[in-house]
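Colleague:
In my numbering, the protein residues as written are 20 to 764.
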């Protein structure tokens with residue numbers, strides 16, 4: 020066996036930390052604080068009394084609720100007053116409806132833009148105030164609009180304010196309040212939205228009864244909006260400290276439990292692509308986005324139907340229609356007051372409870388839609404419409420508390436923005452396209468009745484989503500604990516293992532392949548990863564290189580969490596992989612293959628050329644074929660080229676999959692010499708091999724996998740003592756041959 024390569028990165032303070040001992044200590048400490056972590060995240064035994072405690076609105080909630088109310092008012096006015104605006108502006112009702120739909124698309128896109136801006140720059144409170152001021156001015160401008168074009172401009176500016184509110188308000192409120200009260204906080208905020216709509220519709224009804232036009236309603240709403248924004252700005256709206264009630268509290272809990280230095284270091288922020296990759300991998304987030312899409316397919320067509328439904332089926336005048344909509348919208352307030360406290364109380368025992376409540380309210384909405392469409396009595400139809408508006412509004416805080424609780428603070432605006440994109444651009448636009456023409460064939464009652472389908476779909480999706488919340492919430496806590504422990508060791512000067520994979524689960528669709536895999540690689544180590552076909556060896560390498568994202572567990576490189584880092588960024592951080600039989604770009608020449616690698620590593624032409632010359636000096640056979648297409652090389656030469664690309668990169672960690680597959684022994688020997696050279700220069704190597712002879716001739720540490728689990732982990736020499744594992748790899752008399760040669764090829 021070749022001598023172990025020298026370890027890199029030791030700072031002289033402490034000896035390297037043994038990987039397996041570190042994982043054992045980590046699991047012990049994680050178990051020690053597990054109940055406290057659950058309590059901090061709102062699901063522990065001590066969380067239930069907090070959820071039952073009286074709720075008092077905070078200053079942040081009051082300010083954001085005022086802004087939500089003034090943002091909702093003009094949206095409600097435009098929805099209700101479209102027939103009157105159409106007559107005055109000489110614009111068709113379908114054109115105004117198109118303007119409203121365009122605004123919804125703008126809101127969806129602007130919400131994503133605002134979330135990206137805040138993720139990169141911060142200053143969420145300032146963004147909220149600036150966009151709210153723009154919305155207030157736009158509301159007043161709608162009151163003096165003389166053309167359809169002016170209406171479009173006003174709606175776009177108003178859409179920006181609505182987008183910022185929908186992307187940032189829920190994230191700020193979740194950040195600023197502990198888990199025990201979050202549903203009530205978000206429900207209060209949603210109630211303020213409903214109250215703004217009720218007041219706007221009621222005032223418009225009074226103005227219409229007094230002979231004033233729709234312009235007066237927008238002008239008054241605009242003036243009040245300017246006043247509210249000025250008052251909130253004067254009270255110094257501030258964003259809360261991100262994660263202070265959950266993830267940062269868990270960090271503090273873990274840090275306080277240790278006596279070592281280094282616990283106060285700040286966690287490095289994730290890049291935008293990494294953050295998006297992370298949140299979209301969470302089952303709860305993906306499923307809740309599906310609920311939002313189904314809800315959009317229900318709500319947006321309903322808002323288009325309801326005004327005309329009242330006017331044409333029940334012959335309600337403008338004043339009466341506004342009054343009916345105000346009364347129906349007012350149903351939102353008691354429903355929220357009824358649902359939110361119960362959802363908070365249930366969250367402590369079952370984090371999926373808010374989504375089960377959401378499923379129930381969607382079923383009620385479906386029943387109310389059927390009643391509204393079929394009822395021959397006007398009061399019953401009005402009550403049913405009120406129930407639909409109230410229940411769909413009550414779903415919003417339930418979805419928000421579930422999705423935003425399972426992601427860290429920095430990701431919450433992104434998740435809220437994705438929810439709006441799913442609601443408006445996916446579900447809303449799709450619902451308008453699918454259900455918008457139903458009334459022309461089956462009448463307005465048929466159009467309203469058709470919306471039972473998306474209501475039931477939302478209920479089914481919400482019910483299905485509830486099962487994943489507890490697991491995703493536990494994963495959030497585990498990630499914080501693991502990251503904090505790693506940071507503590509780094510801050511104390513310990514040399515951690517180069518690679519730490521902890522508790523890795525991975526599935527291809529419904530088929531789970533990896534089960535709780537713990538795997539570490541130390542600096543400069545050469546590790547053999549052995550096992551039967553289908554054991555999960557190559558899949559584990561895919562997880563390490565970023566080609567696969569684990570459904571549970573984490574991957575850390577030199578103490579940094581790279582679980583959701585994209586493959587190209589892992590290459591830049593020093594993780595390279597040579598896949599078996601697929602290590603080259605066939606249409607490129609040998610020299611071009613090496614040049615591409617140099618460019619990917621960010622090297623200039625001069626340094627790349629020098630590195631290529633070094634490779635050609637070491638491997639004359641490749642030098643002879645420098646202008647030959649890689650696809651025309653033999654199998655051994657292609658593997659040699661793949662390893663040479665790794666030699667050019669000089670990565671801290673090299674993953675080699677099936678080095679000897681289908682190759683002659685002489686060629687394998689040449690490749691083994693190259694692997695030894697790469698390792699001797701300081702690169703840690705993980706070698707996946709079917710041939711135990713090949714693997715144990717190189718490695719000083721071995722892992723054996725079977726059926727997605729690690730069955731053996733220890734010095735390579737000790738694997739020889741495990742006859743049961745060797746028989747799993749070898750067929751026929753191969754095990755006897757290995758024993759006869761002493762285990763070395």
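Cβ atoms here follow ideal geometry from the backbone N, Cα and C, with glycine treated the same way.
Please list the terminal residues of the continuous beta strand (DSSP E) segment that includes residue 262.
Modeller: For the purposes of this step, residue 262 is taken as the residue at position 243 of the chain shown. Element bounds for residue 262: n/a, residue is neither H nor E.
Colleague: Between the segment 199-210 and the segment 396-406, can you find at least three pairs of beta-carbon atoms closer than 8 Å?
Modeller: no
Colleague: Would you kindly check if the distance between the Cβ of residue 89 and the Cβ of residue 256 is under 8 Å?
Modeller: Numbered from its first residue, the chain shown carries residue 256 at position 237. Numbered from its first residue, the chain shown carries residue 89 at position 70. Not in contact: residue 256 and residue 89 (Cβ atoms no closer than 8 Å).
Colleague: Confirm, please, whether the CB-CB distance from residue 315 to residue 443 is below 8 Å.
Modeller: Working through the chain shown from its first residue, we reach residue 443 at position 424. Working through the chain shown from its first residue, we reach residue 315 at position 296. For residue 443 and residue 315, yes; Cβs fall inside 8 Å.
Colleague: To the nearest angstrom, how far is it from the Cα of residue 431 to the Cα of residue 293?
Modeller: Stepping through the chain shown from its first residue, residue 431 is reached at position 412. Stepping through the chain shown from its first residue, residue 293 is reached at position 274. Going by the C-alpha atoms only, they are around 14 Å apart.
Colleague: Within its chain, find whatever has a CB closer than 7 Å to the CB of residue 280; leave out the 5 residues flanking it on each side and keep chain order.
Modeller: Position 261 of the chain shown holds residue 280. Note that residue 280 scores a pLDDT of 42, beneath 50, so its modelled location is shaky; the value from the coordinates is reported in the next line. Only 510, 511 meet the Cβ criterion.
Colleague: For residue 539, list the residues DSSP reports as bridge partners.
Modeller: Locating residue 539 in the chain shown gives position 520, counting from the first residue. Per DSSP, 519.
Colleague: Going by DSSP, which residues form a beta bridge with residue 526?
Modeller: Translated into positions along the chain shown, residue 526 becomes position 507. Note: residue 526 sits in a beta bridge opposite 531.
Colleague: Quick one: what's residue 327 bridged to in DSSP?
Modeller: Taking the first residue of the chain shown as 1, we reach residue 327 at position 308. None; residue 327 has no bridge partner.
Colleague: Do you know how far the Cα of residue 99 is from the Cα of residue 221?
Modeller: Within the chain shown, residue 221 is the residue found at index 202, counting from 1. Within the chain shown, residue 99 is the residue found at index 80, counting from 1. When the Cα atoms are used, residue 221 and residue 99 turn out to be separated by approximately 11 Å.
Colleague: In the DSSP assignment, find the alpha helix (DSSP H) that holds residue 567 and state where it starts and stops.
Modeller: Indexing the chain shown from 1 puts residue 567 at position 548. No alpha helix (DSSP H) holds residue 567; DSSP gives it neither H nor E.
Colleague: Where residue 96 and residue 520 are concerned, what is the direct C-alpha to C-alpha distance, given to the nearest angstrom?
Modeller: Position 77 of the chain shown holds residue 96. Position 501 of the chain shown holds residue 520. Taking the straight line from one Cα to the other gives about 55 Å.
Colleague: Need the endpoints of the beta strand (DSSP E) that residue 706 sits in, please.
Modeller: Mapped onto the chain shown, residue 706 falls at position 687. 703-707 is the extent of the beta strand (DSSP E) around residue 706.
Colleague: Ignoring anything shorter than 3 residues, give me the beta strand (DSSP E) runs that lie fully in the segment 416-481, in order along the chain.
Modeller: none
Colleague: Would you grab the beta carbon distance between residue 123 and residue 539 for me? Rounded to a whole angstrom, and I think it's under 8 Å.
Modeller: Start at 1 with the first residue of the chain shown, and residue 123 comes out as number 104. Start at 1 with the first residue of the chain shown, and residue 539 comes out as number 520. Incorrect: roughly 50 Å between the Cβ atoms, too far for contact.
Colleague: Suppose only complete runs of 3+ residues qualify. What are the beta strand (DSSP E) ranges in the segment 575-626, listed by chain order?
Modeller: 594-597
Colleague: As a quick exercise: from 171, 192, 201, 434, pick the residue whose alpha carbon is nearest that of residue 12.
Modeller: This structure does not reach residue 12, given that the chain is present from 20 up to 764, and the question cannot be answered.
Colleague: Looking at the secondary structure, which residues open and close the alpha helix (DSSP H) in which residue 770 lies?
Modeller: In the structure displayed, the chain extends from 20 to 764; residue 770 sits before or after that span and is not available.
Colleague: Could you tell me which residues DSSP puts in a beta bridge with residue 728?
Modeller: As a position in the chain shown, residue 728 is number 709, starting the count at 1. In DSSP, residue 728 forms a bridge with 725.
Colleague: With a threshold of 16 other CB atoms inside 10 Å of the CB of residue 698, please say whether the residue is buried or exposed.
Modeller: If you number the chain shown from 1, residue 698 lands on position 679. So residue 698 ends up on the buried side.
Colleague: Could you compute how far the alpha carbon of residue 651 sits from the alpha carbon of residue 591?
Modeller: Numbered from 1 along the chain shown, position 632 holds the residue referred to as residue 651. Numbered from 1 along the chain shown, position 572 holds the residue referred to as residue 591. Roughly 29 Å between the two C-alpha positions.
Colleague: For residue 39, does the three-state DSSP call read helix, strand or coil?
Modeller: Stepping through the chain shown from its first residue, residue 39 is reached at position 20. The answer is helix: DSSP assigns residue 39 an H, G or I state.
Colleague: Note the first and the last residue of the continuous alpha helix (DSSP H) segment covering residue 383.
Modeller: Stepping through the chain shown from its first residue, residue 383 is reached at position 364. From DSSP, the alpha helix (DSSP H) with residue 383 extends over 372-393.
Colleague: Between 551, 412, 707, which lies nearest to residue 383 when the distance is taken from Cα to Cα?
Modeller: If you number the chain shown from 1, residue 383 lands on position 364. Checked all of 551, 412, 707; the closest Cα to residue 383 is 412.
Colleague: Rounded to the nearest angstrom, how far is the Cβ of residue 388 from that of residue 474, given a contact under 8 Å?
Modeller: As a position in the chain shown, residue 388 is number 369, starting the count at 1. As a position in the chain shown, residue 474 is number 455, starting the count at 1. Sure, about 6 Å apart at Cβ, within 8 Å.
Colleague: Report all residues from its chain with a CB closer than 8 Å to the CB of residue 144; omit the five preceding and five following residues, and keep chain order.
Modeller: Here the question's residue 144 lines up with position 125 in the chain shown. Here the set comprises 191, 256, 257, 258.
Colleague: With DSSP as the reference, label residue 285 as helix, strand or coil.
Modeller: By one-based count along the chain shown, residue 285 stands at place 266. Residue placement at residue 285 cannot be trusted, given a pLDDT of 44 that sits under 50; the coordinates are not used to answer.
Colleague: Going by CA-CA distance only, name the one from 85, 439, 248, 325 that's closest to residue 214.
Modeller: Translated into positions along the chain shown, residue 214 becomes position 195. Selected option, being the one with the closest Cα: 85.
Colleague: Please report the distance separating the alpha-carbon of residue 581 from that of residue 346.
Modeller: Counted from its first residue, the chain shown places residue 581 at position 562. Counted from its first residue, the chain shown places residue 346 at position 327. About 52 Å.
Colleague: Roughly how many whole angstroms lie between the Cα atoms of residue 342 and residue 224?
Modeller: Position 323 of the chain shown holds residue 342. Position 205 of the chain shown holds residue 224. Taking the straight line joining both Cα atoms gives about 6 Å.
Colleague: With three or more beta-carbon pairs closer than 8 Å as the criterion, would you say the segment 351-360 touches the segment 231-246?
Modeller: no
Colleague: How should residue 12 be labelled, buried or exposed, when 16 other C-beta atoms within 10 angstroms of its C-beta is the threshold for buried?
Modeller: As shown, the chain starts at 20 and ends at 764. That puts residue 12 outside it, with no answer to give.
Colleague: Is it right to say residue 633 is buried, meaning 16 or more other beta carbons lie within 10 angstroms of its own, or is it exposed?
Modeller: Here residue 633 corresponds to residue number 614 of the chain shown, with the count starting at 1. The residue in question, residue 633, is exposed, as its Cβ has fewer than 16 Cβ neighbours within 10 Å.
Colleague: Are the segment 290-306 and the segment 178-195 in contact at 8 Å, needing three or more beta carbon pairs?
Modeller: no
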